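Just below is one structure, and these are the notes that go with it.
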Amino acid sequence: MILVDTSVWINFFSEKSYRQVAILEALIDEGEDLCLCGVVLTEVLQGIRDNRQYNKTKSILSNLIFLPMNRNTFFYAATIYRTLRAHGITIRNSVDCIISAPTTAYHLNGCFLRGKKLLQLIINLMPGLLMLYQFRIAMIEV
């Protein structure tokens with residue numbers, strides 16, 4: 000199961016010809032279990048201006064596996080952020096840490112994030128977070 004980030008979905012629904020969209024389409028064709036969390040769901044839907052497109056996108060996303068986030072998810076997101084900061088790395092937006100956190104809690108095969116830099120930093124500084132899933136993640140990095 001792979002958690003797909005907001006920007007990947009936005010590009011997918013906008014029918015952009017980006018590498019990340021092609022990878023997402025391949026994952027869909029392979030029957031990979033894709034999931035999302037509340038933050039991603041909100042971010043994708045809040046930017047849609049057309050009501051028909053909003054309802055269509057909402058319907059599609061409603062069929063994905065939804066990962067509820069409890070208090071421990073946010074504790075873990077803070078740990079990710081603090082660990083990176085302790086190594087001199089400041090994340091511009093803590094939402095990326097929040098989206099990364101369920102990867103461990105739900106034992107996902109990967110987290111398809113905005114870019115590979117943040118993911119690589121997390122893997123390097125917190126090997127326990129994604130250690131089991133590095134091979135799969137390496138295959139889907141953008």
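Residue numbers (numbering that gives the first Met the number 0): 0 to 141. Note that beta-carbon positions come from the ideal geometry of N, C-alpha and C, so glycine has one too. Computed from a predicted structure; not experimentally measured.
Original post:
In this structure, does DSSP put L60 in helix, strand or coil?
Top reply: For the purposes of this step, residue 60 is taken as the residue at position 61 of the sequence shown. In this structure, L60 counts as helix in the three-state DSSP scheme.
**Q.** Residues bridged to F65 [DSSP beta-bridge criterion]
**A.** As a working note, residue 65 is residue 66 in the sequence shown. Bridge partners of F65: L35.
Quick one: grab the DSSP three-state call for S13. Sequence index remark: in the sequence shown, residue 13 carries index 14 (1-based). Correct three-state label for S13: coil.
| task | Give the secondary structure of Q19 by DSSP, where H, G and I count as helix, E and B as strand, and everything else as coil. | result | If you number the sequence shown from 1, residue 19 lands on position 20. Note: Q19 maps to helix in three-state DSSP.
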